[in-house]
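Okay, so here's the structure we're looking at.
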Amino acid sequence: MILNEGGNIFKDPNGQIATRRINKADVAPTLSWLEQVTGLELSANTLGTTGIAPTSGDIDVAVDQGKVTKDELADKLTQWAVKNKQDPKQWVKKSGISVHFKTPINGSANNGYVQTDLMFGDPDWMKWSLQGGEVGSEYKGSDRHVMIASIAKAQGYKFNAGQGLVDRITNKSISKNADEIAKTILGQGASGKDLDSVESIIAKIKGDPNYQNLIADAVDKFKEEGLELPEQANLDQTGTMRDILD
Numbered sequence: 053m054i055l056n057e058g059g060n061i062f063k064d065p066n067g068q069i070a071t072r073r074i075n076k077a078d079v080a081p082t083l084s085w086l087e088q089v090t091g092l093e094l095s096a097n098t099l100g101t102t103g104i105a106p107t108s109g110d111i112d113v114a115v116d117q118g119k120v121t122k123d124e125l126a127d128k129l130t131q132w133a134v135k136n137k138q139d140p141k142q143w144v145k146k147s148g149i150s151v152h153f154k155t156p157i158n159g160s161a162n163n164g165y166v167q168t169d170l171m172f173g174d175p176d177w178m179k180w181s182l183q184g185g186e187v188g189s190e191y192k193g194s195d196r197h198v199m200i201a202s203i204a205k206a207q208g209y210k211f212n213a214g215q216g217l218v219d220r221i222t223n224k225s226i227s228k229n230a231d232e233i234a235k236t237i238l239g240q241g242a243s244g245k246d247l248d249s250v251e252s253i254i255a256k257i258k259g260d261p262n263y264q265n266l267i268a269d270a271v272d273k274f275k276e277e278g279l280e281l282p283e284q285a286n287l288d289q290t291g292t293m294r295d296i297l298d
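Quick note on this note's numbering: the sequence shown kicks off at 53 and runs consecutively.
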């Protein structure tokens, strides 16, 4: 599970995208309005760069699966649409772990609509595992996942945002605790914060004698996207990042 900001699920009668990007200042009041509709705590459970970046393609928010099911939430949003004389099919959709809702920005249709992705799981875990890249960084949250997965693979593990750290051979769950995962794949002196971004990961492992093996998968995948690792990762004595990647 990788968080991909898109906001293109809902279409207008002409087949055009019916939602737009939302400004950072509008995220909190929009979620406050949606909390009144759903009866759920949402404002404290934003994911990725929602409410952090200057604008967002959609609103990504975690929903505690222990408090409500996807069907129950979809039904509640459907009832809201019907009550307001709207076609629920144009407002509510389900996919994977999410319920999607065409949400009036700041609670008013006059402001346009943003797609809200209500994603079910453990909010505390999701807020860490699905966090976005640092604001202003060229690396996204998905790039962070690639880095963590690369380091995990080099040591006999798998990592994804849904299952956490898993034994590659037995598929046995190792941990869904950020600090425990960091200690397992980065060493006993590590904490979950060391896995918060591509930059923080590199800063932690750049002196590791197994560095090249740890980043091997990430280097290959980044090349496909036209990305290189930060210059601070350069351990080559020639001082050129290109020498490492070529």
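Ideal Cβ positions, reconstructed from N, Cα and C, are used throughout, including at glycine. Just so you know, these numbers come straight off a predicted model, no measurement behind them.
Residue range of the unbroken beta strand (DSSP E) whose run includes residue i
i       : result
Gly-214 : Premise fails: Gly-214 is in no beta strand (DSSP E) and is neither H nor E.
Phe-62  : Per DSSP, Phe-62 belongs to no beta strand (DSSP E) and is neither H nor E.
Lys-119 : That residue, Lys-119, is in no beta strand (DSSP E); it is neither H nor E in DSSP.
Per-residue DSSP class, three states only, for residue i
i       : result
Asp-78  : helix
Ala-161 : helix
Ile-69  : strand
Gly-167 : The sequence given here has Gln at residue 167, not Gly. Note: Gln-167 maps to strand in three-state DSSP.
Val-144 : strand
Val-151 : strand
Thr-102 : coil
Thr-292 : Any answer about Thr-292 is weak, because its pLDDT of 34 lies below 50 and its placement is not dependable; what the coordinates show is given next. In the structure shown, Thr-292 sits in coil (DSSP, three-state: anything other than H, G, I, E or B).
Alpha-carbon to alpha-carbon, residue j and residue i
i       : j       : result
Thr-101 : Gly-184 : 5 Å
Glu-87  : Asn-158 : 12 Å
Asp-169 : Pro-282 : 31 Å
Ser-252 : Lys-154 : 35 Å
Leu-99  : Ile-237 : 24 Å
Ala-213 : His-197 : 8 Å
Ala-96  : His-152 : 18 Å
Ile-69  : Ser-108 : 15 Å
Gly-59  : Ile-149 : 16 Å
Thr-130 : Glu-93  : 19 Å
Ser-189 : Asn-162 : 33 Å
Asn-223 : Ile-233 : 15 Å
Phe-274 : Glu-280 : 6 Å
Thr-82  : Glu-124 : 21 Å
Phe-172 : Asp-112 : 11 Å
Pro-140 : Phe-211 : 37 Å
Thr-121 : Pro-175 : 14 Å
Asp-64  : Gln-138 : 13 Å
Lys-228 : Gln-215 : 7 Å
Gln-142 : Lys-135 : 14 Å
Ala-285 : Phe-62  : At Ala-285 the pLDDT is 43, less than 50, meaning the model places this residue with poor confidence and gives no usable figure here.
Gly-244 : Trp-177 : 11 Å
Lys-146 : Ala-77  : 27 Å
Tyr-209 : Ile-221 : 8 Å
Asp-272 : Pro-156 : 41 Å
Gly-67  : Asp-110 : 18 Å
Segment limits, alpha helix (DSSP H) that includes residue i
i       : result
Asp-110 : Neither: Asp-110 is in no alpha helix (DSSP H) and is coded neither H nor E.
Pro-175 : 175-181
Thr-130 : 122-135
Val-198 : 193-205
Val-271 : 263-276
Short Cβ contact (8 Å threshold) for residue i with residue j
i       : j       : result
Ile-226 : Leu-217 : yes
Ala-268 : Leu-247 : no
Lys-128 : Thr-90  : yes
Asn-265 : Ala-201 : no
Lys-179 : Ala-114 : yes
Ala-105 : Val-187 : yes
Lys-256 : Ala-242 : yes
Ala-270 : Met-199 : yes
Gly-118 : Val-79  : no
Val-144 : Tyr-191 : no
* Asked: Taking only runs of the beta strand (DSSP E) that begin and end inside the segment 222-250, which ones reach a length of at least 3 residues, in chain order?
  -> Counting only runs of 3 or more, we get 225-227.
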